[in-house]
Structure formats: C-alpha cells, structure tokens
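Asker:
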Amino acid sequence: MNDFVMYLSYPFVRYAIIVGILISLCSSLLGVTLVLKRFSFIGDGLSHVAFGAMAIATVINLTNEMILILPVTIISAILLLRTGQNTKIKGDAAIAMISVGAMAFGYLIMNIFPTSSNLTGDVCSTLFGSASILTLTKGEVLLCAILSILVTAIFILFYNKIFAVTFDENFAKATGVNTGFYNLLMAVIIAVIIVLAMNLVGSLLISALVIFPALSAMRLFNSFKSVTVFSAILSVICAFVGMYISTVTGTPVGSTIVATDAVAFLICYLIGRFR
Amino acid sequence: MAYIEAKELSVGYDGIAVEKNIDFSIKKGDYLCIVGENGSGKTTLMKTLLGLTEPVSGQVLFGDGLARNEIGYLPQQTEVQRDFPATVKEIVLSGCEATCGMRPFYNKEEKALAEANMKKMGISDLALRSYKDLSGGQQQRVLLARALCATGKVLLLDEPVAGLDPKVTSSLYTLISDLNKEGITIIMVSHDIDAAIKYASHILHIGEEVFFGTADEYLHSKAGKAFMAQK
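If you're matching them up, the sequences are chains S and G in order. Take the first sequence: its position 37, counting from 1, is numbered 37 in the working numbering, and each next residue is one higher. Add 1000 to a position in the second sequence, counting from 1, and you land on the number used in the working numbering.
Here is the structure:
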C-alpha cells in the first residue's frame, strides 16, 4: 500500500487512474444495451477498426492521433448498425469482415512504413495497451475526461429512451419515438467509448470492458436501473483494483484490469447461482 | 369519418406485394379481427398500419382525430425480451416515452398513468418483479398496460394468446373485451377463429379471397365458411 501511495506522487500515475476510472465508468454504461441487442461483437469489430486508423495516424505522423481515430471509428459504427437492420450481408458477417480487414491493413501499413525500430513492441502495445495509459499527455488526459463526462451525461439524459428502444424497438417506433436517431446516437457513443478505452486496455481487450460488468450485473439484479448502476460501480472498482495490482506488481495494465473483470464475473455468477 | 381506412391497399416487402386490394375501415369502438392462413400477410398488414413498413400501393388514411402514432401496439415476444433485466414498472412506464418528446425523464402525470394502467390490468403487485420471471399471461398484461400508456384510443394486438393455456387465454380475451366496452378500439391479428367470431364486431379475412364485414356476415360468407371448415 505504501508503494502505491508513493506511485501516486507521480503525476502520470494520477492521470492514469483518473482516466482509467472515467473510461471504465462510461464503457460499462452501454454494456447492457449491447449485450441485449446482441451487439457484443460490435465493440470488438470497432476496436479493430480503431487499430487500423491508429496505424494510419502513426504512419502519417499525427501529433494527436484521436483526430483521425475518432471520426473513422464513428463512421464505421454507423455503417455497422445500419447493416444490422436489413441488408444482404448479415450483421455478424459484416462486423467480422470490417474488423479483420481493418486489422490486416493496419498491420500492413505499419510494416511498409515503419516509424520506429521497435515495430513489434508498438503493435503489441496498441493491441494490449501495455503502457499507453501511463504515457498519456496532459492534453490527452483532458480530452479523455471531457469525452467520458459527455458520454455519461448523454447516457443519463437519454436513459429512458435508450431503455425503450432496447426493450422493444418496434413498439417505440410505432408510438412515434424516433428510433433511427437513437440507434445513431448509440452507435456514436459506442465508437467514442471504444476509442477512449483503447488507451486503457488496448484494442483487443475493449469488448471485455464493455460486456463483463453488464453480464456480471445481470446475474444479480432484475431491474434495468439496478443492472446499469451496479455494472458502472463494478466496472470502476475492477479498473481501480486492476490498476492497483498492476502498479504494485508490474503486470500489464490492460490485461490485469480485464482479468479482474473476469474474476468479478465469476464471483457474481456463483452468487447468482447459489442464492 | 373512420379512424382508419384502407383503400386498395397492397402490402409487402421491397415493392413485392404479399396481399393485394385490401379495403376496410375501422370506426371508433370497433373490434376488428384480422384472420387468414399463415403467410397471407397478416403481420405485414399490421406493420403497414403501424407505419413500420411502407405500403406497396394504395393508402391507409387516419381520421376522426386519430394520428398514426396513437395506435398502442402489443407485439409478439421478441428474443431480446426473454432475458431482459427490467421490472414491470420500468416496462409499463416506457409506454409513456412517445409523449415525452425531448424531455429526458417521466413526469408525475406519466408515473400516475403507469400506476393506473398497472392497476387496471391487475398487475400492481408485480410492479417490482422482473419481467422475464413472469408467466406468459402476466407478460401479456404488462405489455397491454404499456400499450395503454401510449394511447387510450386504439390497441393493435399481434396474436396475443399465442402459447397461453386455455384458462389464461379466456381471461385475456375478457380483459380485451372489457377494454373495448370502455371505448377503446381493438384490432387483433388472430389464429383463433372461434374467439374472433365470439368477441369481434368485424372480421377482415385476407388470403386468396379478401373479406371485410361484420362477424355475422363473415359466418355466412364463402370465405368464412371455407375457413371454418378447415379448422
């Protein structure tokens, strides 16, 4: 514990913890909706797209990579949600196609135009977020904080509408709710969350941050409100515990957080099973 | 002027008609049953009435003070709902969503309306229970209460008794019939021809032959006789 207090005196550790908590909070919010709408894999697909975008951003040497990653991911999210409705290529196939495609091109571009001598290390840290959370600049921390707060605020304001559209889209549409708009809104929020979470756990592990807390909460609670609130709390606790363990023991941040989430799920599952 | 009037309506998907030349009108207080063989386009017709699908040709006109989004809808169960963590109260309240517009939270009147409709459907004591743990009949009452929150004018029910046991079925029919006596117009898509004739004021039969008229007329029509004989 003393070690941890000592680490806290470094500004980059404090930044990491603030960002980590904010990101884990907003990533858990839409988890319930995504799991229930059978969209769990959208997070996964989008994170691969974000990886591809990041490769391009690195190669063309953007100082702030978010400027490119964010819009590209948002556009892909909108396209993926559209294909989910009724097109020739079914939702899951479209996601698989876009995600592996983006991944392959991303790695290819990074290989053809290498920007540093340690390419494998760069790719690895993008995929698993090994150190990026600790190397965030003040500007990036600020951007993360603003986006997280924005996502949380939008979620709270549209909470009832998101519920109505998730539970029964046809009913909502028939009674005059603009479901198209809310689906679009959700797509944009998901994309923002993915890009944010990439800093914390890396692009391969993002889905875990989105779906684990929601699935854990669903083992224990019955109402939409309590599931949402509990998954947010659980997600923040897991992120904090994960970051604590990783600072003290020196394990990679992203995978430690996800491992904590997985353990929490197991505990919730067992409690739900045997009570 | 009728609430809803269909004129030479053809319904279908992507411009291909499943059923053509449907003409009918529904007045305030009517109880219309839509019957027909599987695949005859009952569900498509219903989606067209709700504005979820565009008509292939022809028109659906709304009048007598009824707007399209004032039709309360009782859908068939979807897969999403089977493991959805939501309480009865949350679901019933979501029926008020359309009247909220851009307002983010429900106001007192809407909460009171939800309470009243739960009471009316006899599910007040289930308010905090989880929807997925309820029986089929209870779930239908929850969805009815939600539809009543959205409108007090017209209810459109898509095979509401599918999968329910006979006792629950008959109590649900009585409940719907009581709502109709209170002045709510009922449109029901149904397989259950006997109940349709017993409760409905009008029948719309779609299939190879389209029939529209009162339940009594239907019994003596060619389409009606043929359909009854099959059952």
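For each residue, glycine too, the CB sits at the ideal point set by N, CA and C. Being a predicted model, the structure only gives us computed values, none of them experimental.
Looking at the strands, I want to know which residues DSSP matches up with residue 1033 of chain G.
Answerer: Per DSSP, G:1188, G:1203.
Asker: How about residue 139 of chain S: is its C-beta nearer than 8 Å to some C-beta of chain G?
Answerer: It does not; no Cβ of chain G falls within 8 Å.
Asker: Which value, in whole angstroms, describes the spacing of the CA atoms of residue 213 of chain S and residue 231 of chain S?
Answerer: Distance between the alpha carbons of residue 213 of chain S and residue 231 of chain S: 5 Å.
Asker: What is the rounded straight-line gap between the Cα of residue 1044 of chain G and the Cα of residue 1012 of chain G?
Answerer: The alpha-carbon atoms of residue 1044 of chain G and residue 1012 of chain G are separated by roughly 6 Å.
Asker: With the cut-off set at 8 Å, would you say residue 5 of chain S and residue 227 of chain S are in Cβ contact?
Answerer: Cβ distance not < 8 Å, so residue 5 of chain S and residue 227 of chain S don't count as in contact.
Asker: Check distances from the C-beta atoms of the region 1123-1146 of chain G to those of chain S and list, in chain order, the residues that come in under 9 Å.
Answerer: Residues passing the 9 Å Cβ filter: 1128, 1129, 1130, 1131, 1132, 1133, 1143, 1146.
Asker: Would DSSP call residue 60 of chain S helix, strand or coil?
Answerer: Note: residue 60 of chain S maps to coil in three-state DSSP.
Asker: Excluding sequence positions up to five away, which residues of its chain have a Cβ less than 6 Å from the Cβ of residue 1221 of chain G?
Answerer: Within the same chain, residue 1221 of chain G has close Cβ partners 1211.
Asker: With H, G and I counted as helix, E and B as strand and the rest as coil, what does DSSP make of residue 1006 of chain G?
Answerer: Correct three-state label for residue 1006 of chain G: strand.
Asker: Assuming contact is defined by CB atoms lying nearer than 8 Å, are residue 20 of chain S and residue 239 of chain S in contact in what I supplied?
Answerer: Yes.
Asker: With contact counted as at least three CB pairs below 8 Å, one residue from each stretch, are the region 1146-1165 of chain G and the region 1068-1085 of chain G in contact?
Answerer: The region 1146-1165 of chain G is in contact with the region 1068-1085 of chain G.
Asker: Is residue 173 of chain S near residue 1052 of chain G, with beta carbons less than 8 Å apart?
Answerer: Yes, they are a contact pair.
Asker: At the level of alpha carbons, what is the spacing between residue 1047 of chain G and residue 1006 of chain G?
Answerer: Their backbone Cα atoms lie some 13 Å apart in a straight line.
Asker: Taking 8 Å as the threshold (C-beta atoms), are residue 126 of chain S and residue 246 of chain S in contact?
Answerer: In this structure, residue 126 of chain S does not lie closer than 8 Å to residue 246 of chain S by Cβ.
Asker: Using alpha carbons as the reference points, say which of S:229, S:219, S:249 lies closest to residue 265 of chain S.
Answerer: Closest option to residue 265 of chain S, Cα to Cα, is S:219.
Asker: Thinking C-beta only, is residue 1091 of chain G closer than 8 Å to residue 181 of chain S?
Answerer: Not closer than 8 Å, so no.
Asker: Would you report the Cα separation of residue 271 of chain S and residue 1088 of chain G, rounded to the nearest angstrom?
Answerer: Cα to Cα, the separation comes out at about 24 Å.
Asker: Anyone know if the C-beta pair for residue 235 of chain S and residue 25 of chain S falls short of 8 Å?
Answerer: Closer than 8 Å, so yes.
Asker: Under 7 Å Cβ-Cβ, which residues of chain S neighbour residue 1084 of chain G?
Answerer: Correct list: 36, 167.
Asker: Using CA coordinates, which residue listed in S:96, S:115, S:148, S:45 is at the minimum distance from residue 58 of chain S?
Answerer: Nearest option by C-alpha distance: S:115.
Asker: At least one CB of chain S closer than 8 Å to the CB of residue 1106 of chain G: is that the case?
Answerer: Yes, its Cβ sits closer than 8 Å to a Cβ of chain S.
Asker: On the three-pair Cβ rule with 8 Å, is the region 60-72 of chain S touching the region 182-190 of chain S?
Answerer: No: the two stretches stay apart, fewer than three of their Cβ pairs being nearer than 8 Å.
Asker: Should residue 1180 of chain G be labelled buried (16 or more other beta-carbon atoms within 10 Å of its own) or exposed?
Answerer: When all chains shown are included, residue 1180 of chain G counts as buried.
Asker: Are the beta-carbon atoms of residue 196 of chain S and residue 35 of chain S separated by less than 8 Å?
Answerer: No.
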